[in-house]
Amino acid sequence: MRKLSFPSDLPDAIEIVRGALPASRPLKAAEEERLRVLFDTYARERGRGDRITAAPEFKGARGTDMRNAYAETYEGGTLNHLRHRLLSVASNRCPMCGGARPTQLDHHLPKTTYAEFALFLLNLVPCCPDCNRKKSAQVAAAVETAFLHPYLDEIPDVPILRVQIEVGKATLRVSLTLDPDAEISEELKARIAHQHRCIDLNARLLPEIGEVLTEYGDIVRTELAGAEVRDVQAYLLRDAERWDRMHGRAFWKGALLRALAADVAFCMGTPMPPLRASAA
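Quick note on numbering: the sequence shown equals residues 26 to 305 in the numbering used here.
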């Protein structure tokens, strides 16, 4: 889970919509005024589907216009540069899972229901294809099931994940769960837990976790060969802090490295069995 900084150098939201719609069906003055109100409401309510009702005046033909205009963000479209700008703020990490590279834009409030936000850049969140597919077009009926908005929701810079490493005779399981003692509100815990279940966090991060185990296992057995366990632990903890600085303490990689630092067998260079998926 990561918070993103929305770019401050983007064009006016109404200008974007006006320029993307077909010249034969331009925005009317009343529609522009209504959109500004809707966009302000979206920001104030942090994109919460349980608080924002779809605007009836943007259903029907005008809604189709708005949804179709989103195609201008694709390759060759007049708004493709804005797609690249939004993807760039994610720093090559999907804000939902923190693993795969974000190559798509998710409509935080789905354009199928909220056509008025189809081209509202604050509603377009960079994410990886799998998280986009798993989130789908769902609209939360209550705050506990509302996906966090990476631009608008506050995500405290505190550890929120608990990592458990289970070494069996033939398999290794690493599971990431929400730490019940995390210093965040109960509402935020419920939302994060729901989101992790929806995107199947452990399955999403399995390739990334395997990469970390391979990389750091090799470092321990080569570069740190013969080092005292405490020195290996110090090395892993320093790297955990480095990842914390880059992506925040809620990010999974720092939590995983701290768990590896606490695993004496790993710090002694003991080879790990093949990694298997764990339930979220």
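For every residue, glycine included, the Cβ atom is placed at its ideal position computed from N, Cα and C. Owing to the predicted nature of the structure, the values given are computational and were not obtained by experimental measurement.
Is it right to say residue i is buried, meaning 16 or more other beta carbons lie within 10 angstroms of its own, or is it exposed?
i: Val-150; result: buried
i: His-133; result: buried
i: Thr-98; result: buried
i: Met-293; result: exposed
i: Lys-194; result: exposed
i: Pro-298; result: exposed
i: Gly-273; result: buried
i: Ala-171; result: buried
i: Lys-160; result: buried
i: Asp-264; result: buried
i: Glu-56; result: buried
i: Val-307; result: The displayed coordinates of the chain run from 26 to 305. Any statement about residue 307 would go beyond what the structure contains.
i: Pro-175; result: buried
i: Met-271; result: exposed
i: Asp-269; result: buried
i: Arg-73; result: buried
i: Arg-267; result: exposed
i: Asp-37; result: exposed
i: Val-188; result: buried
i: Arg-255; result: exposed
i: Lys-136; result: buried
i: Gly-85; result: exposed
i: Arg-108; result: buried
i: Gly-251; result: exposed
i: Val-245; result: buried
Are residue i and residue j close, meaning C-beta to C-beta below 8 Å?
i: Leu-262; j: Arg-283; result: yes
i: Pro-120; j: Leu-203; result: no
i: Tyr-95; j: Leu-144; result: yes
i: Leu-130; j: Leu-111; result: yes
i: Val-237; j: Leu-249; result: no
i: Val-199; j: Ile-185; result: no
i: Arg-92; j: Ala-140; result: yes
i: Leu-177; j: Ala-68; result: yes
i: Arg-12; j: Pro-51; result: Past the boundaries of the shown model lies residue 12; the chain is included only from 26 to 305, so the question cannot be answered.
i: Ile-209; j: Val-183; result: yes
According to DSSP, what are the bridge partners of residue i?
i: Val-188; result: Leu-201
i: Gln-220; result: Partner(s): none; Gln-220 has no beta bridge.
i: Pro-9; result: Past the boundaries of the shown model lies residue 9; the chain is included only from 26 to 305, so the question cannot be answered.
i: Leu-300; result: Leu-197
Excluding the five sequence neighbours on either side, which residues of its own chain have a C-beta within less than 6 Å of the C-beta of residue i, listed in chain order?
i: Leu-146; result: Leu-35
i: Phe-142; result: Leu-134 and Asn-148
i: Leu-231; result: Ala-302
i: Cys-306; result: Because the chain spans 26 through 305 in this model, residue 306 falls outside it and cannot be assessed.
i: Ile-234; result: Val-199
i: Gly-279; result: Ala-265, Trp-268 and Asp-269
i: Gln-163; result: none
Looking only at its chain, what residues have a beta carbon closer than 7 Å to the beta carbon of residue i, apart from the 5 residues adjacent to it on each side?
i: Ala-215; result: Glu-169
i: Asp-75; result: Ala-165, Ala-166, Ala-167, Val-168 and Ala-171
i: Thr-196; result: Pro-298, Pro-299 and Arg-301
By Cβ distance, which residues of its chain are closer than 8 Å to residue i, with the 5 residues on each side in sequence left out?
i: Gly-311; result: An answer regarding residue 311 cannot be provided, because it is not within the stretch 26 to 305 covered by the chain.
i: Glu-82; result: Glu-56 and Arg-59
i: Ile-224; result: Met-121, Cys-122, Asp-155, Cys-156, Lys-159 and Lys-160
Please check if any C-beta of chain B sits within less than 8 Å of the C-beta of residue i.
i: Arg-118; result: In the displayed structure, chain B is absent; only one protein chain is listed.
Using a Cβ-based criterion (distance less than 7 Å to any ligand heavy atom), does residue i qualify as near the ligand FAD?
i: Leu-231; result: Among the components modelled here there is no ligand, and therefore nothing to report on the ligand FAD.
Secondary structure, alpha helix (DSSP H): runs of 4+ residues fully inside the region 76-100: Listed in chain order, the complete alpha helix (DSSP H) runs (minimum 4 residues) inside the region 76-100 are 85-94.
Run through the region 244-297 for me and flag every whole alpha helix (DSSP H) of 4 or more residues, listed as ranges in chain order. At a cut-off of 4 residues, the continuous stretches assigned as alpha helix (DSSP H) that sit fully inside the region 244-297 are 254-272, 277-286 and 289-292.
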